[in-house]
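Chain order of the listed sequences is A and B. Take our numbering: the last position of the first sequence gets the number 467, and nothing is skipped along the way. Take our numbering: the last position of the second sequence gets the number 467, and nothing is skipped along the way.
2 protein chains.
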Amino acid sequence: MSGEELANSAVAALALRSREAAKVLAALSRAEKDAALSAMANAISENADAIVAANKIDVEVAKAGGAIEQYLDRLTLTPSRVEGIADGLRQLVDLPDPIGEVVRGSTLANGLEIRQIRVPFGVVGMVYEARPNVTVDAAGICLKSGNAVLLRGSSSAAKTNEVLVETMRAALTQTRVPEDAIQLVPSQDRDTVTALLTARGLVDLVIPRGGSGLIKMVVEEATVPVIETGVGNCHVYIDADADLDKALAIVINSKVQRPSVCNAAETLLVHEAVAAKFIPTVLAAFKEQNVLVHGDENFAAASGDVRIATDDDWAREYESLEIAAKVVYSLEEAVAHIRKWGSGHTEAIVTDSISAAHKFVISCDSAAVMVNASTRFTDGEQFGFGAEIGISTQKLHARGPMGLPEMTTTTWVVTGDGHIRA
Amino acid sequence: MSGEELANSAVAALALRSREAAKVLAALSRAEKDAALSAMANAISENADAIVAANKIDVEVAKAGGAIEQYLDRLTLTPSRVEGIADGLRQLVDLPDPIGEVVRGSTLANGLEIRQIRVPFGVVGMVYEARPNVTVDAAGICLKSGNAVLLRGSSSAAKTNEVLVETMRAALTQTRVPEDAIQLVPSQDRDTVTALLTARGLVDLVIPRGGSGLIKMVVEEATVPVIETGVGNCHVYIDADADLDKALAIVINSKVQRPSVCNAAETLLVHEAVAAKFIPTVLAAFKEQNVLVHGDENFAAASGDVRIATDDDWAREYESLEIAAKVVYSLEEAVAHIRKWGSGHTEAIVTDSISAAHKFVISCDSAAVMVNASTRFTDGEQFGFGAEIGISTQKLHARGPMGLPEMTTTTWVVTGDGHIRA
């Protein structure tokens, strides 16, 4: 067999075991699933030393390979980070079970009772990069929502992921949840990703988590259903009717509060009517926060620190202390810029005009639109979801932060008493 | 340019016009959209002669090409069918507008108001076969749900579709809806289908409507999001605790009431405990209704009319007066058969046992499960949706009959007063 055939058959074998586990898992009660989550959390806490030791090996290899600081930081697990991961599972215990929820229901004129109820997808594949916390977060969220999970992490976190998954599976043996509800897909070569993405009929859904390169690869290769997450080229638009104090606070918060995440702002658009007043203020604030500005000629004219922006800047998700900035001559121009360059994640408008806010909201075509609030609020925890598997930037199924209900599908249950159609 | 490049650029040009139209359409009120639907309906009524005349040409060509009776019937438009199509648009006027509906909403602890509201997808592509009524139904449903539509029908209905689309577009010129909200994709060659299925960033969603070959092709070729519809290998399972009078009525209704559609039954599974009593009765009823039975050895032993079923029969969607039939020794065996051979559309159980019904419902993994009711009830009109674009057999986004709300996505609108994240 070729490497590709080997990967296909290895992944198919894992997926078949996932399907069997999913059948059992779908019928378990909330109490049974919560007991499993608690057992997993305790096992991770107890096994923290082994987890940190395995992680050390992964980190050393990455260092020897010349990985940058930011990458190493994502990869590294400390004892307190391990405890944080275990606590994440404990928080899932407190959340309501989405399975069995009646979404809609009615009794038809002929007496048929119809109910649309939430049921698990079945088998969910996760494809992600070098953040080992995703291994546990995703396993927990999938388990609570009744789905078996196939975890395909980065090969650079292979040792860490192996110990994490072994720890969780060992904990499951003491519970009603089959241990095959959580399985690790080998990460030694790329063929296993392709096999996972094309396992139609075996895998119900794949969710990629990572940078735009990973997301693009998954969307292009997958023949199983995919939910795109996380690429965020977010904009803040300062309208002609903006309160400029609020505008300044929102722009700075959107950019600097946590620049490495997908809901951080990447481009500032300022209406011409307030540009003369706002540009010097915002540039001073950016300077104070060490934000590098890639601006149009209006911004460049205001400060020698501003670099001239190119099309590449309008398209980029910096994920760092850099921002693109531009003056627009109307709300329509701001929206056109956002629709052309944005990724459909989050856009903010700062305005006191109801009509401007309304027009912006219905025109942007993004997962979330903020009116007088920071882009940083697009987040499952902030929205009160309690757990988040990612932020969907697609339009099908889920859009924006995805909590437990978004990890389910529905089925129609129709109950009659011998009803036939006339 | 090659044929493929020509098709790509032609479809891209159409899709860009659709996107412009979609922007306008997304902001229109229900009254403006309803006025457009009424104008389209009246134009179709008034233009019935030209529509029937164009259809006659398509039908003659199909006849000369040796098309079978069933195919010709789907293709043919009579004056009364044309009026029925126009009435379909008028019925859409009476349905509520899904756009702007607040799906969820709350005020967060920090005072932020979050609302999840329904918004249009944008541009929807329809790929379908030789039923010209789909041209108008799909255009109407897309328009009411605020989406621009690209219609790629069968080349065998090309003349009919051209007149239908010209009629609708001419009507739109008198309304607030841009005429490019409805566009026909040339059907002369297959390259335009591929171009539509791969127009990422231009087309938000493609819905195929047709036989299993079409659906499979669309799913495999598409890189834009797809909703699979309509392949229905539906099962009726007669449980050990079934009322056999109800069972007989439900089996016969599921099979014969309209055998050519996706929610008709294709396989009968009978529990061994009632087989001796039920098989002779159901075979007599099938004979009376001219249903050809492909049965296992138990059915074959009961009548010389029964042909021995092969794996091909378990897999087939007959769409005609044929049925596969088999004795099972447990509910679990029935479910295993359904999960192995079914298409995830609709399964029915006939039983008086609450626990059997519960187990069947949570185990089947299908879009709809009927308890003591005919499979024929899986239908948007029967469910009270008023209009149906198709029946989804996938798990993502929509499952089962898709009405107007299923033709929308959502966006999160977050309103603050200068809120920033701490």
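All C-beta atoms, glycine included, are put in the ideal place defined by N, C-alpha and C. All figures in this text were calculated on a predicted structure; none of them were measured in a lab.
With DSSP collapsed to three states, give me the class of residue i.
i, result
"Lys371 of chain B", "strand"
"Glu311 of chain A", "strand"
"Arg163 of chain A", "strand"
"Arg444 of chain A", "coil"
"Gln219 of chain A", "coil"
"Tyr363 of chain A", "coil"
"Pro253 of chain A", "strand"
"Gly150 of chain A", "strand"
"Ala175 of chain A", "coil"
"Gln439 of chain B", "coil"
"Ala193 of chain A", "strand"
"Gly340 of chain A", "strand"
"Thr455 of chain A", "strand"
"Arg245 of chain B", "coil"
"Gly170 of chain B", "strand"
"Val271 of chain A", "strand"
"Leu70 of chain A", "helix"
"Arg466 of chain B", "coil"
"Gln115 of chain A", "helix"
"Gln136 of chain A", "helix"
"Gly429 of chain A", "coil"
"Ala287 of chain A", "coil"
"Arg235 of chain A", "coil"
"Ala110 of chain A", "It should be noted that the sequence gives Gly, not Ala, for residue 110 of chain A. Note: Gly110 of chain A maps to coil in three-state DSSP."
"Asn92 of chain A", "coil"
"Thr420 of chain B", "helix"
My understanding is that residue i touches residue j, with C-beta atoms under 8 Å, so please give their C-beta distance in whole angstroms.
i, j, result
"Ser398 of chain B", "Asp286 of chain B", "4 Å"
"Leu293 of chain A", "Ala330 of chain A", "6 Å"
"Val301 of chain A", "Val336 of chain A", "6 Å"
"Val210 of chain A", "Leu196 of chain A", "7 Å"
"Ile162 of chain B", "Gly145 of chain B", "6 Å"
"Thr420 of chain B", "Ala443 of chain B", "Wrong, their Cβ atoms sit about 19 Å apart, outside the cutoff."
"Ile186 of chain A", "Ile434 of chain A", "5 Å"
"Val208 of chain B", "Ala107 of chain B", "That belief does not hold up - the Cβ atoms of Val208 of chain B and Ala107 of chain B are roughly 16 Å apart, past 8 Å."
"Glu317 of chain B", "Arg361 of chain B", "That belief does not hold up - the Cβ atoms of Glu317 of chain B and Arg361 of chain B are roughly 24 Å apart, past 8 Å."
According to DSSP, what are the bridge partners of residue i?
i, result
"Glu392 of chain A", "A:His280, A:Val414"
"Glu158 of chain A", "A:Thr152, A:Thr460"
"Asp316 of chain B", "The sequence shown places His at residue 316 of chain B, not Asp. Note: His316 of chain B sits in a beta bridge opposite B:Val373."
"Ser353 of chain B", "Note on identity: in this sequence residue 353 of chain B is Ile, with Ser being the wrong assignment. For Ile353 of chain B, which the question treats as bridged, DSSP gives the partners B:Gly340."
"Leu229 of chain B", "B:Leu196"
Find out if the Cβ-Cβ distance for the pair residue i, residue j is shorter than 7 Å.
i, j, result
"Thr243 of chain B", "Thr220 of chain B", "no"
"Gly277 of chain A", "His390 of chain A", "yes"
"Ile436 of chain B", "Thr274 of chain B", "yes"
"Ala131 of chain B", "Ser74 of chain B", "no"
"Ala112 of chain A", "Gly191 of chain A", "no"
"Arg254 of chain B", "Asn298 of chain A", "no"
"Leu314 of chain A", "Tyr282 of chain A", "yes"
"Glu448 of chain A", "Phe430 of chain A", "Per the sequence shown, the amino acid found at residue 448 of chain A is Gly instead of Glu. It is a contact, given that the beta carbons lie within the stated cut-off."
"Val432 of chain A", "Leu137 of chain A", "This sequence places Ala at residue 432 of chain A; Val is not what is there. Closer than 7 Å, so yes."
"Ala175 of chain B", "Ser199 of chain B", "yes"
"Asp284 of chain A", "Ala413 of chain A", "no"
"Leu122 of chain A", "Pro177 of chain A", "yes"
"Pro124 of chain B", "Val104 of chain B", "no"
"Ala226 of chain A", "Ala66 of chain A", "yes"
"Gly445 of chain A", "Asn417 of chain B", "no"
"Thr205 of chain A", "Ala99 of chain A", "yes"
"Val69 of chain B", "Pro223 of chain B", "yes"
"Leu441 of chain A", "Leu441 of chain B", "yes"
"Gly133 of chain A", "Asp182 of chain A", "yes"
"Ala52 of chain A", "Asp236 of chain A", "yes"
Within the 7 Å Cβ cut-off, does residue i reach chain D?
i, result
"Trp359 of chain A", "No chain D is part of this structure, whose protein chains are labelled A and B."
### Query
Okay, do the segment 70-83 of chain B and the segment 230-248 of chain B touch, 3+ Cβ pairs below 8 Å being the bar?
Between the segment 70-83 of chain B and the segment 230-248 of chain B there are fewer than three inter-stretch CB-CB distances shorter than 8 Å, so the stretches are not counted as touching.
### Query
Between the segment 409-422 of chain A and the segment 442-456 of chain B, are three or more C-beta pairs nearer than 8 Å?
The segment 409-422 of chain A makes contact with the segment 442-456 of chain B; the number of CB pairs closer than 8 Å reaches 3 or more.
### Message
Is it the case that the segment 331-347 of chain B contacts the segment 367-379 of chain B, given that we only count it when at least three CB pairs across the two stretches are under 8 Å?
### Response
A contact exists between the segment 367-379 of chain B and the segment 331-347 of chain B.
### Message
Could you check whether the segment 87-104 of chain A touches the segment 234-252 of chain A, counting it as contact only if at least three pairs of C-beta atoms, one from each stretch, sit closer than 8 Å?
### Response
Fewer than three beta-carbon pairs drawn from the segment 87-104 of chain A and the segment 234-252 of chain A are found closer than 8 Å, and the two stretches are therefore not classed as touching.
### Task
Say whether the segment 245-252 of chain A touches the segment 164-174 of chain A, bearing in mind that this needs 3 or more beta-carbon pairs closer than 8 Å, one atom from each stretch.
At 8 Å Cβ cutoff, the stretches touch.
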